[in-house]
Structure formats: structure tokens, C-alpha cells
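Chains as they are written, first to last, in the numbering used here: chain F, 1 to 323; chain B, 1001 to 1323. Taking it in order: structure first as C-alpha cells, then the write-up.
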């Protein structure tokens, strides 16, 4: 199946999920956040992982949906912690209802994610649930590091990369590994696919950091420079801070962490430092390295190259690259 | 093993659990809440359930600890929602750290609870994880009903009993069912034990409602009348409201839901209505009925009566009854 057919399969599967009925305040927020949409990348990776090895994808559907429900659970709880007012242009659950509802509905979503994973061949159940639990804990660790970094003055680039690996990349890796094992992959092939997913996840997050500063306002969907305005310690800022000379350090210090009346001036000033230090090409180089590492892992998977094409296409789409 | 030996086994097991190390803000609160103590009733029920059928209890230890970790996860999240400042006389996690830490640490606890359940015979894994997930969702439903009831004017006694069944009793039932299955019980015996646990849980919660009003201040540990002062819709209040004549309705309405300067006068006035309506003996009668139902289920379990003695003793202790 191509990406469109797989997405249709996921959409139908999501529409068929039953989370629960009563009390409404517990289950309505789950239906609400799941209906907000999104690109369904993670469950797509699970189906694509299975499809590398088999054409029988029905057995991978519920586990794929489990990954999507888990991902939305993390969004619901992260939005409380980040006090985010909007998610995909709509009010977040804690805003539309209240934080208590968002806590408890999120808890049930995590339970439902585990429940959806139970429809698996018995031999895979314990090992895959163990891997899922490890991944889930790592995602929480990533969120905690991300919150810690907000108030820490010294964050290294290595710490930042480890944070985005935990918060974002490991779940993409697990989604693929899960699908691969469900499709009948060897442990070795599944591990290569996990690493492919992690590398793509890292590249994807770095590209997000890059687009925030250098993206096209018309297509980015978010306000360009938002990370700079909010003093977010991204790969770009940490790289600039690590490489700036005394003058550039002073320029950054005048804006970062300071109350600034003119947000546009702040974005321009910080971007000027980035430009002088070649932060953009440095970031692009790291994205390219992760992408190359990912493709290297994909090449080593023992399945015909033609079978790998939809997965390679999705990776290209995610990074908005050509060829 | 008697109750003391089983409790020692649990204490050693809990001391050996490793939740994770970094970031500290994620894992330290887990160690903190788990170290606050408590009677460890739920994991004790799991071991007692297993011991009805086998003397080999090592295989039931990790699943028993899973139930205790899950229970403490619900306490950590409930305390945020209830804005509770203290838990077992110590600051709650959201007070000692902050609500975000309590949300995220709680999330990891739920993950760790599932992880601890994975050490189970393969044949039991899927069915018991399914039962656990159902129970976990029910506990969340109970908490949501409990929060809903705070602002609802009409709560029936049936709704209240269903709420405490979900919020408190089903987990005691699951703890026993799990232990029984791990000990080798038939599905039928495990189901009787589940129902025994649910009935004991209902009786236990009603006894808690009763002690709040009629308990001995010296031994109760909490302020006597606290439920009355906070307008909590307990079995006692709902029964009184359902049976009060016009004069008594007016007496209740003068105090319940009203800002009252003299808390002791409020407790005395509401208790006077309870006394006139025989609410205390009515509550005791219902506790006795649940206790009798519980024993009836225990009798039907196909194992020698001598094996049932420690479980019967625990039930008696829980309800502070003799013989």
C-alpha cells in the first residue's frame, strides 16, 4: 500500500476506536484530542515497518493505533505542563475543560494505549511491552529534561541532543521497531529500523528548530522566530552561545533571557549572530548527517529495496527534501 | 506465611525496586511517595490470593508490587486534583516539588506498574493485563465521578456506591484476582476472590465514612467530622438527605454547602440529624451485608479452610472487627 492507502487505513481504524462512555468528562476529551488530526506519522511508521516484511497489515493496525493514542496522551499532559493554550489551532484540553480533566483523561489514554498493544502474537507480547514501557519512560525523561533546561543557565549541545532524542526520537524508533517485529522481522532488522526512526526523529526536530528561525512565514504555520522570542534553548542558540566571541556573547546576552519590548528587533539581532557564526549551515550539516545515518540503517535491512521505497518517501516528506 | 511474614516480604521487595535515576526531578518523587509507607493492603491481598493455592510466592511478588506502585500513582495524581497538602502527614509531591513534577512522575509510575506486571507466566499475561487495564480505567472513572459529585446537587445513594466501587473497591478485587491466578486458581475461584475483594473494599470505604463522624478522635488519625465540615457527599449525608422530613431538611440545608463560622456546631448539628434518622445503624447494616457477601464468596473458593485463615484475618483487621 502507498502512503495514502495506509493513511486511510489508519483513519478508519482511529474512527473505530472506543475509549469509553461515562463519565463524559473523562472520555470526551480523549475523542476531542484524537479528532484534532495531525499527520499520524507514528502509526504510519508502524504500518510501514510491518509492510517491509509482509502484505498482511491487519495485525499491525491496533498496535499502530496504540502508538498514536500514547503520543496524544503525551501531548495532553505536556500541554498542561507547558500551559499551552492551543493545539493544532484549537483550545487545549486543560483550557477547554480544566487541568484536572486533562490529567485524568490523559491517564486513561495511557491505559488504553497499553490495552491496544495487547492484541499481539503471544511471543511478541512481553518483549514489545517491555520495549514500549522503556520508550514511554524515556519520553517522560525527555519532557522533564526539557522543563529543567528552561531554568538552567548551562545546557550543553550534547545534553540538548539527548533531550530531543528522548522526548521525540525514541518514539519514532519504537513505532518502526514494533511494526517490523509484527511483520516478522528479525531482531537485528528491527533494531536497524529502530535506529533509522531515531535518526529521522533527531533530524526532524533539528529541522523544526531551523525552520523556526529561517522558515517561510507563509508555510511554517507558526510565528517565525517564536523560539527566539521565548528564549528557548534550541540547537541553534546553544551552538551560537558555544561559538560566540565576546562581542557576540554580549549581543546575545542583551536579548536572551531579558524582557524585550520589540520582539522583531530581538529576532533580527539574534539571527544576525547566527548568520555570522554560520549556525544555519552547521545545523543543516547535522541534519544531513542524521539523515545519512538513517538511510545507512535502512540499507542494511534484509528486505528488497522496492519494499523500502514508501518508508524512504515518508522520511523525505518529513524532512521536506527532494529525490 | 502469616501476615507479618508476608508484609516483610513486601517491604524487602519494595526496597529492591529501581524506578530510574535521571532526571532526579522525575524519579525522586517516586521514591518519596513509595517510602511514605501505608499498610500495603493491596499487594498483601495479591500475595494472600496466591497463598490460597500455593506456597511458592516468589512469582507473585513483582505483580503484587505493581499493584502498590499503581495505587501510589493514583494517590500522586489524585492529590494534585484534590489540592491535598498532606499525604500520611508529609507534604504531597505537588506541594514539595510542583504540579508538573507530580503529573510526570505519576505518569512514569503507571508505566513502571505495567512493567512490573510483565514478569508473569505467558499464558496469564494478556488476560491479566487486560483485567488490569480495565481496572485502572475504572479507578480513573471513580475519581472523575467523585470530582463530579462535588458540584452536583443531586447524587443518589446508588451513584455514590458505584463511585466508591470504582474508585476504591475494584482495585482490591483485582489485587486478589491477580494473586489467585498467579497461584494457579481456576477462573471461577479467581472471580469469587475478586468479588470478595470488591465487597471488602465497599465495606472498608463505608466504615471510613462512618468513622469520620462517629470515630474516636484519639485513634481515627484524622479530624473527626472532617467530611461534614467539607460538605462531602458521603453515604451518611446522602442517606440523611434522602430520609429527612421537612424540619430535618431545613436543619441540613442551614449547614451543608453554607459558609459556617463554627465548624464544631456544624458537626454537632448534622450529627444530630444523623442520630434522629438512625443513619449510623443503617450504615453498619450495609457494612455487615457487604462483609457477609464477601465471606460467602470466600467460602465458595475451592481450597482448604485453613488456607483461607490469613485472608479472613486481614479482612477482619481492615474492618476492625473481632473473631
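For glycine and all other residues, C-beta sits at the position ideal for the given N, C-alpha and C.
Asked: Do residue 87 (chain F) and residue 79 (chain F) have their C-beta atoms closer together than 7 Å?; Found: yes
Asked: Any C-beta of chain B within less than 7 Å: which residues of the segment 96-124 of chain F qualify?; Found: 100, 103, 104, 107, 108, 110, 111, 114, 115, 118 and 122
Asked: With a threshold of 7 Å between beta-carbons, can residue 23 (chain F) be considered close to chain B, or not?; Found: yes
Asked: For the segment 168-187 of chain F and the segment 60-78 of chain F, state whether three or more C-beta atom pairs, one from each stretch, are separated by less than 8 Å.; Found: yes
Asked: Where does residue 91 (chain F) sit, in a helix, a strand or coil, going by DSSP?; Found: strand
Asked: Which two residues bound the contiguous alpha helix (DSSP H) that contains residue 1155 (chain B)?; Found: Note, residue 1155 (chain B): premise wrong, no alpha helix (DSSP H); not H, not E.
Asked: Mind pulling the chain F residues with CB within less than 9 Å of residue 1080 (chain B)?; Found: 99, 100 and 103
Asked: Just to confirm, is the Cβ distance from residue 1229 (chain B) to residue 1271 (chain B) under 7 Å?; Found: no
Asked: Tell me which same chain residues have a C-beta within less than 8 Å of the C-beta of residue 46 (chain F), skipping the five on either side of it?; Found: 60, 63, 64, 67, 175, 176, 178, 179 and 182
Asked: Name the residue from B:1279, B:1039, B:1297 and B:1248 whose alpha carbon lies nearest to the alpha carbon of residue 1011 (chain B).; Found: B:1039
Asked: Quick check: what's the CA-CA separation for residue 117 (chain F) versus residue 53 (chain F)?; Found: 20 Å
Asked: List, in chain order, every chain F residue whose beta-carbon is nearer than 8 Å to that of residue 1173 (chain B).; Found: The contacting residues do not exist; residue 1173 (chain B) stays about 17 Å from chain F at best.
Asked: Give me the Cα-Cα distance between residue 1294 (chain B) and residue 1288 (chain B), rounded to the nearest whole angstrom.; Found: 10 Å
Asked: Would you call the segment 1195-1210 of chain B in contact with the segment 1160-1171 of chain B, where contact means no fewer than 3 C-beta pairs closer than 8 Å?; Found: yes
Asked: Listing by chain order, which chain B residues have their CB less than 8 Å from the CB of residue 148 (chain F)?; Found: 1023 and 1025
Asked: Using a Cβ-Cβ cut-off of 7 Å, state whether residue 1192 (chain B) counts as contacting chain F.; Found: no
Asked: Express the C-alpha separation of residue 318 (chain F) and residue 51 (chain F) in angstroms, rounding to a whole number.; Found: 19 Å
Asked: Answer with buried or exposed for residue 94 (chain F), where buried requires no fewer than 16 other C-beta atoms within 10 angstroms of its C-beta.; Found: buried
Asked: Spell out a yes or no on whether the segment 1137-1147 of chain B and the segment 1107-1125 of chain B are touching, meaning 3 or more CB-CB pairs, one atom from each, closer than 8 Å.; Found: no
Asked: List, in chain order, every chain B residue whose beta-carbon is nearer than 9 Å to that of residue 13 (chain F).; Found: Per Cβ cutoff of 9 Å: no residues; residue 13 (chain F) is ~19 Å from chain B at best.
Asked: Between which residues of its own chain and residue 231 (chain F) is the CB-CB distance below 6 Å, once the five residues before and five after are set aside?; Found: 256 and 257
Asked: Please report the straight-line C-alpha distance between residue 1401 (chain B) and residue 1049 (chain B), rounded to a whole angstrom.; Found: Lying before the first or after the last residue shown, residue 1401 (chain B) is absent from chain B, which here runs from 1001 to 1323.
Asked: Within 8 Å, do at least three Cβ pairs link the segment 153-167 of chain F to the segment 185-192 of chain F?; Found: no
Asked: Rounded C-beta distance between residue 1081 (chain B) and residue 103 (chain F)? I'm assuming under 8 Å.; Found: 6 Å
Asked: Among the residues of its own chain, which have a CB less than 8 Å from the CB of residue 1283 (chain B), if the five just before and after it don't count?; Found: 1206, 1209, 1210, 1235, 1236 and 1239
Asked: Only counting the same chain, and skipping five residues up and downstream in sequence, which positions put a Cβ closer than 6 Å to that of residue 227 (chain F)?; Found: 212 and 234
Asked: Using the three-state DSSP reduction, which class does residue 86 (chain F) fall into: helix, strand or coil?; Found: strand
Asked: For residue 273 (chain F), tell me which candidate among F:70, F:92, F:251 and F:223 has the shortest Cα-Cα distance.; Found: F:251
Asked: Closest Cβ-Cβ distance between residue 1130 (chain B) and chain F: below 7 Å?; Found: yes
Asked: Output the distance between the C-alpha atoms of residue 146 (chain F) and residue 164 (chain F), rounded to the nearest integer angstrom.; Found: 8 Å
Asked: First and last residue of the alpha helix (DSSP H) that includes residue 1101 (chain B)?; Found: 1099-1117
Asked: Just list the alpha helix (DSSP H) runs in the segment 1246-1319 of chain B, keeping only unbroken ones of 4 residues or longer that don't cross its boundaries, in chain order.; Found: 1246-1255, 1263-1276, 1279-1299 and 1305-1318
Asked: So with CB distances below 8 Å, who are the chain B contacts of residue 143 (chain F)?; Found: 1104
Asked: At which residue ranges does the segment 138-207 of chain F contain complete alpha helix (DSSP H) runs of 4 or more residues, listed in the order of the chain?; Found: 157-164 and 170-183
Asked: With burial defined as no fewer than 16 other Cβ atoms inside 10 Å of the residue's Cβ, what is the status of residue 13 (chain F): buried or exposed?; Found: buried
Asked: Just reading off the alpha helix (DSSP H) that residue 28 (chain F) is part of, what are its end residues?; Found: 24-34
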